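Asks:
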Amino acid sequence: MLEARTLAFEGGGSRRIRPLDLQLQGGAIHVALGPNGSGKSTLLALLSGLLEPGSGEVLLRGRNLHRYPLAERARHLAVMLQSQPLDFAFPVREVIAMGGYPLDLSLPELDQRIEQLAAGLDIAHLLDRSYLSLSGGEAQRVQLARVLAQRGREPSLILLDEPLTALDLKHQHQALTLLRQLAAEGYSIFIVLHDLNLAACYADRVLLMREGELVAQGLCAEVMTAETLSALYDVRIERYESSGGQALFSSSGGG
1 MLEARTLAFE GGGSRRIRPL DLQLQGGAIH VALGPNGSGK STLLALLSGL
51 LEPGSGEVLL RGRNLHRYPL AERARHLAVM LQSQPLDFAF PVREVIAMGG
101 YPLDLSLPEL DQRIEQLAAG LDIAHLLDRS YLSLSGGEAQ RVQLARVLAQ
151 RGREPSLILL DEPLTALDLK HQHQALTLLR QLAAEGYSIF IVLHDLNLAA
201 CYADRVLLMR EGELVAQGLC AEVMTAETLS ALYDVRIERY ESSGGQALFS
251 SSGGG
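Residues 1 to 255 (the UniProt record's numbering) make up the sequence shown, in order.
(1) Give the secondary structure of residue 37 by DSSP, where H, G and I count as helix, E and B as strand, and everything else as coil.
(2) From residue 205 to residue 80, what distance separates their C-alpha atoms?
(3) Check the Cβ-Cβ distances between residue 19 and every residue of chain B, and say whether any is below 9 Å.
(4) Could you say if the region 108 to 123 and the region 83 to 90 meet the contact criterion of at least three C-beta pairs nearer than 8 Å?
(5) In whole angstroms, what separates the C-alpha of residue 256 from that of residue 164?
(6) Is there contact here, the region 216 to 235 with the region 63 to 72, by at least three beta-carbon pairs under 8 Å?
(7) How long is the line joining the alpha carbons of residue 4 and residue 13, rounded to whole angstroms?
(8) Sort 7, 25, 16 by Cα distance to residue 157 and report the nearest one.
(9) For residue 20, tell me which candidate among 55, 249, 36, 154 has the shortest Cα-Cα distance.
(10) Beta carbon of residue 145, beta carbon of residue 121: below 9 Å?
(11) Taking 8 Å as the threshold, find out whether the region 204 to 219 comes into contact with the region 38 to 48 through three or more Cβ pairs.
(12) Looking at the structure shown, is residue 208 part of a helix, part of a strand, or coil, going by DSSP?
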């Protein structure tokens with residue numbers, strides 16, 4: 001669906017991406033992991049077209065992303081950034097509906113999509129509330145619903161930069177379960193995360209980044225080894241497995 005070819009960017013400070021190649025496949029959740037300032041958000045901005053690469057290109061369905069008119073691009077790409085400021089007292093229902101504006105949805109289709117997302121993200125009881133009255137976690141779930149309302153009828157791309165910020169454990173798993181369902185329908189999902197255990201539970205493929213470099217990518221089980229993660233984060237990370245699953249824990253001390 002989306003491909004980066006020798007993609008690079010030099011924006012100063014941590015906004016730097018060294019040349020990389022990447023493919024986002026349909027029907028999969030791709031998770032980008034790495035320390036703060038490693039370039040994860042910059043990479044997402046490049047993949048979404050919000051930044052123009054210094055060199056290389058991003059191809060959407062085989063065509064250069066920046067050759068798409070903005071309205072057409074919005075029908076193929078739904079993007080959630082870390083900051084989603086909204087200073088107007090819109091009802092929550094209207095905020096979610098904004099995500100459907102780029103699409104040719106009938107009002108009944110849009111209403112059905114809103115109701116489904118509200119149920120999946122546990123915000124049905126908030127639909128008639130003012131957006132400005134929400135807590136941080138509630139607002140984050142509404143913004144995620146707005147972005148998911150933008151997804152095309154046919155499987156398309158969903159790019160999310162730390163979408164679980166301010167969410168409690170229950171709502172983190174609800175959100176990721178919904179994203180897993182969309183991936184099963186054929187959507188390609190790219191998420192910037194910090195929680196290694198959530199990545200291990202829900203990611204199909206993982207990208208590891210450090211100082212603007214893509215240091216590893218591949219299947220989750222192959223990439224998220226204790227040794228690789230310890231080197232990436234410069235802290236000892238250990239993996240524990242049981243019949244109920246696996247968990248990753250860090251301990252003090254480098255390497």
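For each residue, glycine too, the CB sits at the ideal point set by N, CA and C.
Here the structure is a predicted model, which is why all the values come from computation and not from measurement.
Replies: Per the coordinate set shown:
(1) coil
(2) 20 Å
(3) This model lacks chain B altogether; it includes just one protein chain.
(4) no
(5) Shown here, the chain extends from 1 to 255; a query on residue 256 therefore has no answer.
(6) no
(7) 22 Å
(8) 25
(9) 55
(10) yes
(11) yes
(12) strand
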